[in-house]
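Participant:
Numbering (the numbering used here), first residue to last: 46 to 319.
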C-alpha cells in the first residue's frame, strides 16, 4: 500500500471535503425510504461491476496493454478503495471500542479482558503514530526513541510471543480433531488414514526404514519418499485442482448474482427492504 502525505493546505481541505461528502452520502442513503434504497444499491453495485467488466473485455493498446479505462483504476478507483477501507476500519474500531467500554463500565462477564484490550489498543496506537515501516530503528531516524522502543517491545516482544503461544496451544486441538477424523469407521476413513500415514512416514522415518530398497527400477517405487511424492503429486494435487475449480465456479456464480442484484443476502434480502 502506498501512503501519500498531504503537503499543501488545499490538499487537507480537499481530503476533509471528500470525507464530509462521503459521510453525507451515507447519511442520505440511510434516510432514503426502504422501497427506493434497494434499487439505489442495486444500481451502484451494477455500475461498479460494469466498470471492471468493460475494463477487462475492451480491447487494449498493443503498446502498453491498457485501454482508456485502465488509468482510472490507479487514479480514481484505488484511492477511493483506500478511503472507503480507512472509513470502514475507523467505524469498526469505533464499534469495537464502544462495545468493550460498555462491558468495562457495566462490569459484565469477562470485563477485565475488555479493559486489557482497550489498554493495549491505546498503547499500540500511541506508539504507532510516531513510527513507520514496522518500527525498525533504521527506518525511523526521526522518530522518538521512546516510541520506537515501545513499539518494538509491544509488537516484537509481546504480541509475536503471545501469537506463537496461542498457535502452539492450538496444535493440541488439531491433534484431537485429527484423532476423531481418523477413526476408521468407513472405507473412506480407512483410505484417508492410510494416505495420511504414508505421507507422514515419507517425511519422518520412512526413508530410513526403506533405505534397503534399490533407488532405481520398479522396486524403487516402494520407497517411502517415492510413495509420499506420488500421493501428493498424482492423487492429492488433481483432487485439490477439482476443489479449486468448483470453488471458482461457485464464486463466479455468486459474483454474477450479486452484480445483477439477484442475491438474497444482507444487501438485497428481505431484511434490507423492511
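All C-beta atoms in this analysis are idealised placements derived from N, C-alpha and C, irrespective of residue type, glycine included.
If you draw a straight line from the alpha carbon of residue 303 to that of residue 105, how long is it in whole angstroms?
Facilitator: Whole-angstrom Cα-Cα distance: 27 Å.
Participant: With burial defined as no fewer than 16 other Cβ atoms inside 10 Å of the residue's Cβ, what is the status of residue 320: buried or exposed?
Facilitator: Lying outside 46 to 319, the shown extent of the chain, residue 320 is not represented and no answer is given.
Participant: Which residues in the same chain have their Cβ closer than 6 Å to the Cβ of residue 148, if we skip the five residues on either side of it in sequence?
Facilitator: 156, 159, listed in sequence order.
Participant: Residues in its own chain within less than 8 Å of residue 81 by CB, not counting five upstream and five downstream?
Facilitator: Answer for residue 81: no residue qualifies.
Participant: Could you spell out the range, first to last residue, of the alpha helix (DSSP H) harbouring residue 304?
Facilitator: That run of the alpha helix (DSSP H) goes 282 to 304.
Participant: Does residue 194 come out as helix, strand or coil in the three-state DSSP assignment?
Facilitator: Residue state, collapsed to three classes: helix.
Participant: Helix, strand or coil: which one does DSSP assign to residue 230?
Facilitator: Here residue 230 sits in coil by DSSP.
Participant: Is DSSP giving residue 113 helix, strand or coil here?
Facilitator: It is coil, neither helix nor strand.
Participant: Evaluate the contact criterion for the region 160 to 176 versus the region 190 to 203: three or more CB pairs, one atom per stretch, below 8 Å.
Facilitator: Yes: at least three Cβ pairs fall under 8 Å.
Participant: Indicate the three-state DSSP secondary structure (helix, strand or coil) for residue 243 in the structure shown.
Facilitator: In the structure shown, residue 243 sits in a helix (DSSP, three-state: H, G or I).
Participant: What first and last residue would you give for the alpha helix (DSSP H) that runs through residue 153?
Facilitator: Careful: residue 153 lies outside any alpha helix (DSSP H) and carries neither H nor E.
Participant: For residue 90, which three-state DSSP category applies?
Facilitator: Residue 90 falls in the helix class under three-state DSSP.
Participant: Taking C-beta to C-beta, are residue 227 and residue 216 nearer than 8 Å?
Facilitator: Cβ atoms of residue 227 and residue 216: not closer than 8 Å.
Participant: DSSP three-state call for residue 308: helix, strand or coil?
Facilitator: Correct three-state label for residue 308: coil.
Participant: Between the beta-carbon of residue 129 and the beta-carbon of residue 145, is there less than 8 Å?
Facilitator: No, Cβ-Cβ distance for residue 129 and residue 145 is not below 8 Å.
Participant: Can you confirm whether the region 257 to 274 touches the region 238 to 248 when touching is taken to mean that 3 or more C-beta pairs between the two stretches lie within less than 8 Å?
Facilitator: Yes, they touch.
Participant: Buried or exposed: where does residue 188 fall if 16 or more other Cβ atoms within 10 Å of its Cβ makes it buried?
Facilitator: Answer is buried; the Cβ neighbour count reaches 16.
Participant: Does residue 171 come out as helix, strand or coil in the three-state DSSP assignment?
Facilitator: It is helical.
Participant: Going by DSSP in three states, residue 106 sits in which element: helix, strand or coil?
Facilitator: Three-state DSSP puts residue 106 in coil, outside helix and strand.
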